[in-house]
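Encoded as C-alpha cells, the structure appears first; notes follow it.
Protein chains: 2
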Amino acid sequence: MLGLLYLVFIVIGGLLLWLPVSHHGDIGLSEALFTSTSAVTVTGLVLADTGAAFTGFGQAVIALLIQFGGLGLMTFAVLVLSALGIPVGMPQRLILREDLNQTSISNLTVLVRVIIVVALVCEGVGALLLAFVFVPEYGLNGIWQAIFHSVSAFNNAGFALHPDSLSQWVGNPLINIVITLLFIMGGIGFIVVGDIYQARRWRQLTLHSKLMLVGTAFLIVWGCVWFALLEWTNPATLGNLSVGDKLWASWFQGVTPRTAGFNTIDTAGMHDSTTVMTMTLMLVGGGSTSTAGGIKVTTFAVLLLATVAFFRRQTTLHAFGRALGVEEVLKVLALTMISMLLVLSGIFVTAISHDGQFLDLAFEVTSAFGTVGLSRGATGELDGVGRALIMVIMFIGRVGPLALGFFLATRTVPRVKYPPGQVYLG
Amino acid sequence: MLGLLYLVFIVIGGLLLWLPVSHHGDIGLSEALFTSTSAVTVTGLVLADTGAAFTGFGQAVIALLIQFGGLGLMTFAVLVLSALGIPVGMPQRLILREDLNQTSISNLTVLVRVIIVVALVCEGVGALLLAFVFVPEYGLNGIWQAIFHSVSAFNNAGFALHPDSLSQWVGNPLINIVITLLFIMGGIGFIVVGDIYQARRWRQLTLHSKLMLVGTAFLIVWGCVWFALLEWTNPATLGNLSVGDKLWASWFQGVTPRTAGFNTIDTAGMHDSTTVMTMTLMLVGGGSTSTAGGIKVTTFAVLLLATVAFFRRQTTLHAFGRALGVEEVLKVLALTMISMLLVLSGIFVTAISHDGQFLDLAFEVTSAFGTVGLSRGATGELDGVGRALIMVIMFIGRVGPLALGFFLATRTVPRVKYPPGQVYLG
Ligand SMILES: [K+]
Ligand SMILES: [K+]
Chain P
13 MLGLLYLVFI VIGGLLLWLP VSHHGDIGLS EALFTSTSAV TVTGLVLADT
63 GAAFTGFGQA VIALLIQFGG LGLMTFAVLV LSALGIPVGM PQRLILREDL
113 NQTSISNLTV LVRVIIVVAL VCEGVGALLL AFVFVPEYGL NGIWQAIFHS
163 VSAFNNAGFA LHPDSLSQWV GNPLINIVIT LLFIMGGIGF IVVGDIYQAR
213 RWRQLTLHSK LMLVGTAFLI VWGCVWFALL EWTNPATLGN LSVGDKLWAS
263 WFQGVTPRTA GFNTIDTAGM HDSTTVMTMT LMLVGGGSTS TAGGIKVTTF
313 AVLLLATVAF FRRQTTLHAF GRALGVEEVL KVLALTMISM LLVLSGIFVT
363 AISHDGQFLD LAFEVTSAFG TVGLSRGATG ELDGVGRALI MVIMFIGRVG
413 PLALGFFLAT RTVPRVKYPP GQVYLG
Chain Z
13 MLGLLYLVFI VIGGLLLWLP VSHHGDIGLS EALFTSTSAV TVTGLVLADT
63 GAAFTGFGQA VIALLIQFGG LGLMTFAVLV LSALGIPVGM PQRLILREDL
113 NQTSISNLTV LVRVIIVVAL VCEGVGALLL AFVFVPEYGL NGIWQAIFHS
163 VSAFNNAGFA LHPDSLSQWV GNPLINIVIT LLFIMGGIGF IVVGDIYQAR
213 RWRQLTLHSK LMLVGTAFLI VWGCVWFALL EWTNPATLGN LSVGDKLWAS
263 WFQGVTPRTA GFNTIDTAGM HDSTTVMTMT LMLVGGGSTS TAGGIKVTTF
313 AVLLLATVAF FRRQTTLHAF GRALGVEEVL KVLALTMISM LLVLSGIFVT
363 AISHDGQFLD LAFEVTSAFG TVGLSRGATG ELDGVGRALI MVIMFIGRVG
413 PLALGFFLAT RTVPRVKYPP GQVYLG
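Residue numbers (our numbering), protein chains in the order written: chain P, 13 to 438; chain Z, 13 to 438.
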C-alpha cells in the first residue's frame with residue numbers, strides 16, 4: 013500500500029519532469045523517471061546535472077518530490093484531508109503509522125504537527141542563512157538556490173544544483189555548518205527532535221534519543237577522523253587544499269555518508285580504504301522516523317551492545333540504565349540479515365550485468381540502498397538495465413525499511429522481567 | 013594458550029623450512045614463516061610454487077604441519093603422552109577441549125580416537141586412489157604426490173605440488189571425486205562423521221548433524237549451479253572447455269570455496285560476480301570441529317532460521333522437530349559480528365597499505381580469514397607489511413574461532429521450556 017503510493021508519486025513526478033517545460037537538454041522518459049525515483053526516495057543519484065539539465069520549473073518539481081518523499085507522503089495526505097474538513101479515519105491513520113514507523117495511534121496528529129513545524133522552521137532558517145552565500149554570487153537566482161539546497165539538505169536528498177555538488181564551497185564555513193546541521197537534524201529522526209524539545213534535559217530523554225545522540229556523535233567523529241587521516245595527502249581529494257580547507261572538507265565528508273549525499277570533495281578520487289569506510293557508514297545510515305536511510309544508528313548500536321553483552325556473559329543488554337529485551341536483538345538480527353542480503357544481491361546482480369570497476373559498482377549499489385546519493389561515477393555510465401536496477405534498489409532502500417519498521421513496531425512479543433526501554437529499529 | 017602452541021609450531025615449522033635442505037630456490041626466513049603459517053592454519057595461500065621451491069624434505073615438513081594444524085595439535089599431544097604412559101591430566105584435557113570445541117570431557121578420549129582413525133583411514137584410502145592418477149604420470153614420485161595431496165585435501169589445506177593447483181586434471185573424474193570427497197569429509201566435522209558412524213539412520217542423527225548435512229548439500233548445489241551459470245562462456249575459465257569438463261570444473265569450483273582451497277580453474281579469471289559469490293561461500297566455511305574455517309555452516313543456518321522465524325512472528329527457532337533457544341541466536345549474532353568486523357578491518361587495513369585491485373585484495377583477505385587458500389594472485393605481489401597482515405589474518409582465522417568456540421561452548425545460560433537441541437557454532 014505504502015509502496016504503491018510511492019510508486020504513483022514517482023510516476024507522476026517522472027511524467028512532470030518529462031514535460032518539455034521541465035528541462036533544457038535531451039531528458040527522455042527513462043532519465044525523468046530515474047530522477048523522480050531518486051528524488052522521491054531522497055537518494056540523490058543523478059544521471060544529469062540537475063542545475064543545468066532542468067529548468068526552474070523542473071527544479072521546483074524535484075524540490076517538491078524531495079519534500080513529499082522525505083517527510084512522508086502520508087503526513088501530507090492527513091494535512092490535506094484535515095484542511096478539507098474530511099475526518100481522517102482509521103485506514104489513513106494506519107498507513108500513516110506505516111510511513112512514520114509509529115505504534116501508538118493517539119500520538120499521530122501531534123507527531124505530524126511536530127514534523128511539519130520542525131521541517132518548515134529548519135528549512136526556512138536554513139534557506140535564510142544559505143542566502144548569505146548564494147545571493148551575493150547568483151543574485152535573484154541565489155534565493156532559489158538557497159531554498160532548493162535547504163530543502164534538499166534537511167530531507168537528506170543530496171540533490172545539488174551544481175555538477176560537482178558543493179565542491180565550490182569546500183572551505184566556506186557557512187555552507188559547511190548550515191548544510192550539515194540541516195541534514196544531521198533531518199537525519200536524526202523526528203522522535204529525537206521532539207523528545208529534545210519536550211525533555212530539554214539529558215536525564216529525561218528516552219533511551220532511543222540517548223542512543224541516537226551518542227551513536228550519531230560517535231559516528232561523526234569516527235567518519236571525520238578517518239577521512240582526514242586517510243585522505244590528508246591524496247592529491248585527488250584533500251592533498252592540494254589548505255589546512256583549514258582540509259579540516260572543513262574532512263568534517264563535511266565524514267558527516268555526509270549517513271545519508272546526506274552532498275559532497276565537497278571528488279568522491280571518485282578517494283582511496284579504496286576511504287571508499288570502504290564510507291560504504292560502511294552508508295549502510296549504517298541515520299535515525300528511525302527520519303529522512304535518512306540505512307539500517308539505522310540504533311540497529312547498529314544494538315548489534316554492538318549485543319556482542320559486547322555476550323562477551324561479558326550477560327544475558328541482557330543494558331544501556332543508560334535501561335534493559336533491552338532479547339526480542340530487540342532478534343529484530344535487529346532479522347533487519348540486518350535482510351539488509352545485508354539485499355545489498356549483497358544488488359551488488360551481485362549489478363556485477364553480473366556490468367563490467368565496470370567492482371568497487372565503484374558496489375559503492376553505487378550501497379549508496380542507492382542507503383538512499384545516500386554519493387557516487388563514484390558508475391551511475392552515469394550504466395545502461396538501461398543498470399539504471400532500472402539502481403531505481404529498484406533505491407525504491408527498496410526507502411520503502412523496505414519503512415514497511416519492515418512497521419512490521420517490527422507492531423510485532424507483539426510477551427515482554428518479561430525487565431523494565432523495557434523502546435528503540436526504533438526500522 | 014592454544015594460540016601460543018600454534019605460534020610455537022609455526023616458528024618451528026618456519027625454521028625447518030628455512031633450512032637449505034628444505035628448499036631449492038631463494039626461500040628467505042620471511043617466505044618460510046609465511047609458508048609455515050599457511051600450513052599450520054591449513055590455509056594454503058603460498059608465495060612460491062610448493063612443488064618447485066621445496067625439496068622432498070621440505071614438502072614432508074609442510075605435510076606434517078598441515079596434519080598437525082588440521083587435526084589439532086592437542087590430539088597429538090594426548091596421543092604422545094598416552095603412548096609415553098603419562099596420564100593425561102585435567103589441564104591438557106582442557107586445552108584439548110578448547111581445540112576441539114567440545115563441552116563434555118568424558119567423550120574426549122573417544123573423540124580423539126575417532127578423529128585419528130577417521131583421518132588416517134580417509135587419507136590412506138585417498139592416497140591409494142590418487143596413486144592411480146599420479147603414479148602412471150610421475151612414477152615413484154607419484155606415490156609421494158598421492159600422499160601429499162590426500163593429506164592436504166582431507167585437512168582442507170589446499171596445498172598442491174603444481175603451480176596451477178589441480179588445473180591439469182580439470183576433467184579427471186578420479187581427482188574430481190577423490191579430492192572433493194576428502195575435503196568434504198574433513199570439512200564437515202568429526203562430530204558429524206562420528207554421529208553418522210554411530211547412528212546410521214537419518215532419524216537418529218543429532219540436530220547438529222542434520223543441519224550440517226542439509227546445509228552442506230544446499231551450499232554445494234548453490235555454489236556449483238551459480239559457478240556454472242556465471243562462468244559457462246567465460247574464455248578465462250570454463251569457456252574453452254568441453255561440456256563434460258565444464259561440468260566437472262563447476263562441481264570442483266562450487267565445492268572448493270568452503271574451505272578446501274584447491275582449484276582446477278584460474279581463480280583470477282573469474283568474473284567479479286563469481287568472485288563475490290565465492291567470497292560469501294568462503295565466509296560461511298565448513299563445519300565445527302572440522303579442518304575447515306569460516307563462520308561455519310551451522311552458524312549460517314541459525315542466522316537464516318532466526319530471520320525466517322522472525323518474519324513468521326515466531327519467538328523460537330525450530331528445525332527438524334527441535335527447538336533452538338534464544339541463547340543460540342545470541343551466540344550466532346556475536347560470532348558473526350566479530351567475524352564481519354575482523355574481515356572488514358582486514359580488508360580496510362590492506363586497502364590502506366596497498367594499492368592493488370580492490371576486489372583482489374578483498375578476496376585474498378577473505379580467503380585468509382576463512383583459511384581457504386584460493387588466490388587471485390594478490391598474495392604473491394604483497395610486500396613485507398602485506399605478507400605480515402595476511403599471516404596475522406590466517407592466524408586469527410584459525411585460532412580465533414577455536415578460542416571463540418570454546419568460549420561459546422562453555423558459556424552457561426539457564427535454558428528454559430523447550431527440549432534443547434545442541435548446535436556447535438565455533
Ligand atoms: K540522500
Ligand atoms: K584451506
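Ideal Cβ positions, reconstructed from N, Cα and C, are used throughout, including at glycine. Bear in mind that the values here come from a model prediction, so they are computed numbers and not experimental data.
Below 7 Å, is the gap between the Cβ of P/Val384 and the nearest heavy atom of ligand 1? Mapped onto the first sequence, residue 384 of chain P falls at position 372. It does: the Cβ of P/Val384 is within 7 Å (strictly closer) of some heavy atom of ligand 1.
Would Z/Leu371 and Z/Thr287 be called neighbours here (beta carbons separated by less than 8 Å)? Residue 371 of chain Z sits at position 359 when you count from the first residue of the second sequence. Residue 287 of chain Z sits at position 275 when you count from the first residue of the second sequence. A contact, by the Cβ cut-off of 8 Å.
Name the chain Z residues whose beta carbon is nearer than 9 Å to that of P/Met282? In the first sequence, the residue the question calls residue 282 of chain P occupies position 270. Ordered by position in chain Z, no residue passes the 9 Å Cβ test against P/Met282, which lies about 11 Å from the chain.
Here's the rule I'm using: 16 or more other beta-carbon atoms within 10 Å means buried, otherwise exposed. How should Z/Thr49 be labelled? Here residue 49 of chain Z is taken as the residue at index 37 of the second sequence, counted from 1. Looking at its Cβ environment, which holds 16 or more other Cβ atoms inside 10 Å, Z/Thr49 is buried.
For Z/Leu386 and P/Ser300, what's the separation of their Cα atoms in angstroms? For the purposes of this step, residue 386 of chain Z is identified with residue 374 of the second sequence, where counting begins at 1. For the purposes of this step, residue 300 of chain P is identified with residue 288 of the first sequence, where counting begins at 1. About 41 Å.
Less than 8 Å between the C-beta atoms of Z/Leu45 and Z/Ile22, yes or no? Residue mapping note: residue 45 of chain Z aligns to position 33 of the second sequence, counting from 1. Residue mapping note: residue 22 of chain Z aligns to position 10 of the second sequence, counting from 1. Yes, the pair counts as a contact, with Cβ atoms nearer than the cut-off.
Do you know whose CA, among P/Leu354, P/Leu356, P/Met352 and P/Leu316, lies nearest Z/Ala346's CA? Within the second sequence, numbered from 1, the residue matching residue 346 of chain Z stands at position 334. Out of P/Leu354, P/Leu356, P/Met352 and P/Leu316, P/Leu316 has the C-alpha closest to the C-alpha of Z/Ala346.
DSSP state of P/Arg213, grouped into three classes? Working through the first sequence from its first residue, we reach residue 213 of chain P at position 201. If DSSP states are grouped into helix, strand and coil, P/Arg213 belongs with coil.
Could you compute how far the alpha carbon of Z/Pro432 sits from the alpha carbon of Z/Leu219? Stepping through the second sequence from its first residue, residue 432 of chain Z is reached at position 420. Stepping through the second sequence from its first residue, residue 219 of chain Z is reached at position 207. Summary for Z/Pro432: the model assigns pLDDT 46, below 50, so the residue's position carries little reliability, and this model does not support an answer.
Closest to Z/Arg270 by CA distance: which of Z/Thr228, Z/Leu28, Z/Ser285 and Z/Leu253 is it? Taking the first residue of the second sequence as 1, we reach residue 270 of chain Z at position 258. Checked all of Z/Thr228, Z/Leu28, Z/Ser285 and Z/Leu253; the closest Cα to Z/Arg270 is Z/Thr228.
Would you check whether ligand 1 has a heavy atom nearer than 7 Å to the C-beta of P/Gly271? If you number the first sequence from 1, residue 271 of chain P lands on position 259. Here residue 271 of chain P is Thr; the residue named in the question, Gly, does not match the sequence. Yes - ligand 1 has a heavy atom lying nearer than 7 Å to the Cβ of P/Thr271.
6 Å CB neighbourhood of P/Phe312 in its chain, flanking five on each side removed: The residue labelled residue 312 of chain P in the question sits at position 300 within the first sequence. Counting only Cβ-Cβ distances below 6 Å, and skipping sequence neighbours, we find Val296.
Who are the Cβ neighbours of P/Ser221 in its own chain at under 8 Å, not counting the five residues just before and after it? Locating residue 221 of chain P in the first sequence gives position 209, counting from the first residue. Taken in chain order, the residues that qualify are Ile203, Val204, Asp207, Ile208 and Ala211.
Taking C-beta pairs closer than 8 Å, name the residues in chain Z that P/Val58 reaches, listed in chain order. Residue numbering aside, residue 58 of chain P sits at position 46 when the first sequence is read from its first letter. Per Cβ cutoff of 8 Å: no residues; P/Val58 is ~24 Å from chain Z at best.
For P/Arg399, which of helix, strand or coil comes out of DSSP? What you label residue 399 of chain P is simply residue 387 of the first sequence in a count that begins at 1. It is helical.
Please confirm whether any heavy atom of ligand 2 lies closer than 7 Å to the CB of Z/Thr328. Taking the second sequence and counting its residues from 1, the one referred to as residue 328 of chain Z is at position 316. No.
Say whether the segment 255–262 of chain P touches the segment 357–372 of chain P, bearing in mind that this needs 3 or more beta-carbon pairs closer than 8 Å, one atom from each stretch. no
From this set, P/Leu223, P/Glu135, P/Ala143 and P/Gly235, which residue's C-alpha is nearest P/Arg332's C-alpha? Taking the first residue of the first sequence as 1, we reach residue 332 of chain P at position 320. It is Phe, not Arg, that sits at residue 332 of chain P in the sequence shown. P/Phe332 has its Cα closest to that of P/Leu223, out of P/Leu223, P/Glu135, P/Ala143 and P/Gly235.
Other residues of its chain near P/Thr276: CB distance less than 6 Å, five sequence neighbours each side excluded: Locating residue 276 of chain P in the first sequence gives position 264, where the first residue counts as 1. Excluding residues within five positions, the ones whose Cβ falls inside 6 Å are Leu178, Ser179, Val182, Ala261 and Phe264.
Does the beta-carbon distance from Z/Val341 to P/Leu336 come in below 8 Å? Reading the second sequence from its first residue, position 329 is the one you call residue 341 of chain Z. Reading the first sequence from its first residue, position 324 is the one you call residue 336 of chain P. One thing to note: Z/Val341 has its Cβ no nearer than 8 Å to the Cβ of P/Leu336.
What are the uninterrupted segments assigned as alpha helix (DSSP H) that are 4 or more residues long and contained completely in the segment 243–269 of chain P, given in chain order? 255–267
Cβ neighbours of Z/Gly398 in the same chain (closer than 6 Å, five flanking residues each side left out): Residue numbering aside, residue 398 of chain Z sits at position 386 when the second sequence is read from its first letter. Same-chain partners within the cutoff: His366.
Candidates P/Trp238, P/Gly84, P/Leu354 and P/Ile196: which alpha carbon is nearest P/Gly273's? Within the first sequence, the letter at position 261 stands for residue 273 of chain P. Ranking the options by Cα distance to P/Gly273, first place goes to P/Ile196.
Under 7 Å from any heavy atom of ligand 1, does the C-beta of P/Thr55 make it? As a first step, residue 55 of chain P must be located in the first sequence, where it is residue number 43. Because some heavy atom of ligand 1 lies under 7 Å away, the Cβ of P/Thr55 counts as near it: yes.
Where does P/Arg388 fall in DSSP's three states? Your numbering for residue 388 of chain P matches position 376 in the first sequence. Coil.
Does the beta carbon of P/Thr249 sit closer than 8 Å to a beta carbon anywhere in chain C? No chain C is part of this structure, whose protein chains are labelled P and Z.
Please confirm whether P/Ala131 and P/Phe166 have their CB atoms less than 8 Å apart. Against the first sequence, residue 131 of chain P aligns to sequence position 119. Against the first sequence, residue 166 of chain P aligns to sequence position 154. Cβ atoms of P/Ala131 and P/Phe166: closer than 8 Å.
Heavy atom of ligand 1 within 7 Å of P/Pro299 beta-carbon: Reading the first sequence from its first residue, position 287 is the one you call residue 299 of chain P. Per the sequence shown, the amino acid found at residue 299 of chain P is Gly instead of Pro. Result no, Cβ not under 7 Å from ligand 1.
Measuring only between beta-carbons, confirm whether Z/Leu293 sits less than 8 Å from chain P. Working through the second sequence from its first residue, we reach residue 293 of chain Z at position 281. No, no contact with chain P.
Between the alpha carbons of Z/Leu225 and P/Ile78, how many angstroms are there, rounded? Within the second sequence, the letter at position 213 stands for residue 225 of chain Z. Within the first sequence, the letter at position 66 stands for residue 78 of chain P. Spanning the two alpha carbons is a distance of roughly 50 Å.
If I measure Cβ to Cβ from Z/Cys236 and keep anything under 8 Å in the same chain, skipping five residues before and after, which residues do I get? For the purposes of this step, residue 236 of chain Z is taken as residue 224 along the second sequence, with counting starting at 1. Hits under 8 Å: Ser262, Trp263, Gln265, Gly266 and Val267.
Near ligand 1: P/Asn168 beta-carbon under 7 Å from a heavy atom: In the first sequence, the residue the question calls residue 168 of chain P occupies position 156. Checking every heavy atom of ligand 1 against the Cβ of P/Asn168, one is found closer than 7 Å.
What are the residues that DSSP puts in a beta bridge with P/Phe66? In the first sequence, residue 66 of chain P corresponds to position 54, counting from 1. DSSP output for P/Phe66 lists P/His35 as bridge partner(s).
Within this structure, are the beta carbons of P/Ile405 and P/Val377 separated by less than 8 Å? Stepping through the first sequence from its first residue, residue 405 of chain P is reached at position 393. Stepping through the first sequence from its first residue, residue 377 of chain P is reached at position 365. Result yes, Cβ atoms of P/Ile405 and P/Val377 sit closer than 8 Å.
Can you give me the C-alpha to C-alpha distance between P/Cys134 and Z/Met403, rounded to a whole angstrom? Here residue 134 of chain P refers to the residue found at position 122 of the first sequence. Here residue 403 of chain Z refers to the residue found at position 391 of the second sequence. Their Cα atoms are separated by approximately 52 Å.
Compare the C-beta of Z/Phe370 with all C-beta atoms of chain P and state if any pair is closer than 8 Å. Sequence index remark: in the second sequence, residue 370 of chain Z carries index 358 (1-based). Judged by the 8 Å Cβ criterion, Z/Phe370 is in contact with chain P.
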